[in-house]
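Below: one structure, written as structure tokens.
In my numbering, the protein residues as written are 0 to 335.
Written as structure tokens, this is what we have:
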């Protein structure tokens, strides 16, 4: 679920505090595509809330008090009528689009009977994970990705968001992901790699930008992350790591338990993504019209272990540039 068109790029001032023990501070609140961004008056990002998960704690009262979830400690106080109305409308639209628990329970019971007939077993973990992965709607995927991102930022630090780098980052996402709802988020420490979250979000480590002279290597890492996501659905990876209980919770309540997301975030930052099949990766580079050689040399300066990527470079002679030199210089300052 994304923000309604009339509320895109809406901004308002408010008061925010990370928990009940800290003082409130003046912030700027911005309505995004699927998130509510909270920044300090110095434009430094403080938090990103998933629009589908936001709850109002004092319905009908003014100023309105919102939280990023039922059990969240963060609070945001707003008295801007337009912003309050925008959050309420988006939340209402999201709840209507979400699967109802009663219907999900019926689907779960029906699925259980089918599993018994087809496999003659009682809900093998793999069957649960596969079934849950297939039935997850886009709104729940976006919500899960946003919640997982919050855990990642607690471990890595807030997402890098230098004002000068926002436009180049958006252009990079448009060039590689497309003009849909996909986005790229740069973290201070994401294990020197890139990986996909549920909801078409690509996480990128800052070093992939700062340690290279051009955008070729980071473009390659993003394309590799997209190919991994195409081969194995990111929501399925979360469920496979969390176990059948998380799959059952997802089917019955529409959410993966917070503890499972926290553990999976730690795992993402501690492990190296698996290699992508060369043929599939080259095909993705060809589709994007991006050089695979630049990515290959970033992996291995000698080129010895990545020779197929170098020799099979599919980029055309008239390929559009990934970013201009000026855009790349601006993007390299994203974490400053």
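Heads up, the beta-carbon is just placed ideally off N, CA and C, and yes, glycines get one too.
Given a length threshold of 3 residues, each whole run of the beta strand (DSSP E) inside the stretch 153 to 237 is given here in chain order: 182 to 186, 193 to 196, 200 to 204. Taking C-beta atoms under 8 Å as the contact rule, residue 160 and residue 152 fail to qualify, at a distance of about 11 Å.
In this structure, 277 is the residue among 277, 328, 322, 331 with its C-alpha nearest to the C-alpha of residue 309.
Three or more beta-carbon pairs separated by less than 8 Å link the stretch 8 to 17 to the stretch 74 to 89, which places the two stretches in contact. Here residue 62 has 76, 77, 78 as same chain residues with Cβ atoms under 7 Å from its own Cβ, once five neighbours each way along the sequence are excluded. By the neighbour-count criterion, in which 16 or more other beta carbons inside 10 Å mark a residue as buried, residue 20 falls on the exposed side.
Counting along the chain, the unbroken alpha helix (DSSP H) around residue 260 starts and ends at 257 to 269. Cβ neighbours of residue 297 within its own chain (closer than 6 Å, five residues either side excluded): 216. In this chain, the beta strand (DSSP E) harbouring residue 35 covers 34 to 39.
Non-local beta-carbon contacts of residue 299 in its own chain, meaning distances under 7 Å to residues more than five positions away in sequence, involve 305 in chain order. The shortest C-alpha to C-alpha distance from residue 219 to any of 260, 88, 292, 46 is the one to 292.
Bridge pairing for residue 30: 35 [DSSP].
In this chain, the alpha helix (DSSP H) harbouring residue 309 covers 306 to 310. In this structure, residue 290 sits away from residue 146, with a CB-CB distance that is not shorter than 8 Å. Residue 199 is a Cβ neighbour of residue 181, given a cutoff of 8 Å.
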